[in-house]
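A.B. asks: Per the numbering used here, residue 1 is the first one in the sequence shown, and the count goes up by one each step.
Think of the CB as a built atom: it goes at the ideal place given N, C-alpha and C, for glycine as much as any other residue.
Only a predicted model underlies this, so the values are computations on that prediction, with no experimental measurement involved.
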Amino acid sequence: MKTAVFYGSTNGNTADAASKIKKRLNADLYDVGKLNSGDELAQYDMLILGTSTWYDGDLQDDWESFIAHLKSADLSGKIVALFGMGDQEGYGSDFVNGMRFIYDEVIEKGAKVIGSWPIEGYSFESSNSVIDGKFIGLALDEDNQSDLTKSRIESWCAQLEDELKASA
Numbered sequence: 001m002k003t004a005v006f007y008g009s010t011n012g013n014t015a016d017a018a019s020k021i022k023k024r025l026n027a028d029l030y031d032v033g034k035l036n037s038g039d040e041l042a043q044y045d046m047l048i049l050g051t052s053t054w055y056d057g058d059l060q061d062d063w064e065s066f067i068a069h070l071k072s073a074d075l076s077g078k079i080v081a082l083f084g085m086g087d088q089e090g091y092g093s094d095f096v097n098g099m100r101f102i103y104d105e106v107i108e109k110g111a112k113v114i115g116s117w118p119i120e121g122y123s124f125e126s127s128n129s130v131i132d133g134k135f136i137g138l139a140l141d142e143d144n145q146s147d148l149t150k151s152r153i154e155s156w157c158a159q160l161e162d163e164l165k166a167s168a
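(1) Could you tell me the alpha carbon to alpha carbon distance between LYS112 and ASP143, rounded to whole angstroms?
(2) Provide the residue span of the alpha helix (DSSP H) that contains LYS71, from first to last.
(3) Give the C-beta separation of ASN97 and SER129 to the nearest angstrom, bearing in mind that I take them to be a contact with Cβ-Cβ under 8 Å.
(4) Could you have a look at ASP39 and say whether DSSP puts it in helix, strand or coil?
(5) Classify SER76 as helix, strand or coil using the three-state DSSP reduction.
(6) For SER52, does the three-state DSSP call read helix, strand or coil?
(7) Check the Cβ-Cβ distances between TYR91 and every residue of chain B, and say whether any is below 8 Å.
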């Protein structure tokens, strides 16, 4: 399955996570801040989309611009997995909310989203990115739990592989 990681990063944490996921899954890698169109989206069967959350639950700046390309893309038949960066202590009422903006768009465009992640092990007040008691994708917190990032990425990537095998 041809896979690509698309990410937006302001301070480098999302870029670092995207690079780890790319390496683990042998995927292509795109910084959405450097793309002028969404043409690359059509080239892949699986899209892994990563963003951070800013201020009071806002989407990362590069995604603010790139999300228009998701809105115009045909994602029917595509598999999407999401990962998000957040600060559960400093912004516990908006933890990883940025993922939800992307989730809503890809669902509306016909994609199948996989890779939900348990909320256990996190300490936050609320998140728009929790549906049915799980995060809609991998939640990472480099500010407070950076020691867990590597193992969470590894576990999540293994989970994605298992979900893909189960649906084949």
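C.D. replies: Taking the geometry as given:
(1) 30 Å
(2) 61-72
(3) 6 Å
(4) helix
(5) coil
(6) strand
(7) As a matter of chain content, chain B is missing from the structure shown, which is built from one protein chain.
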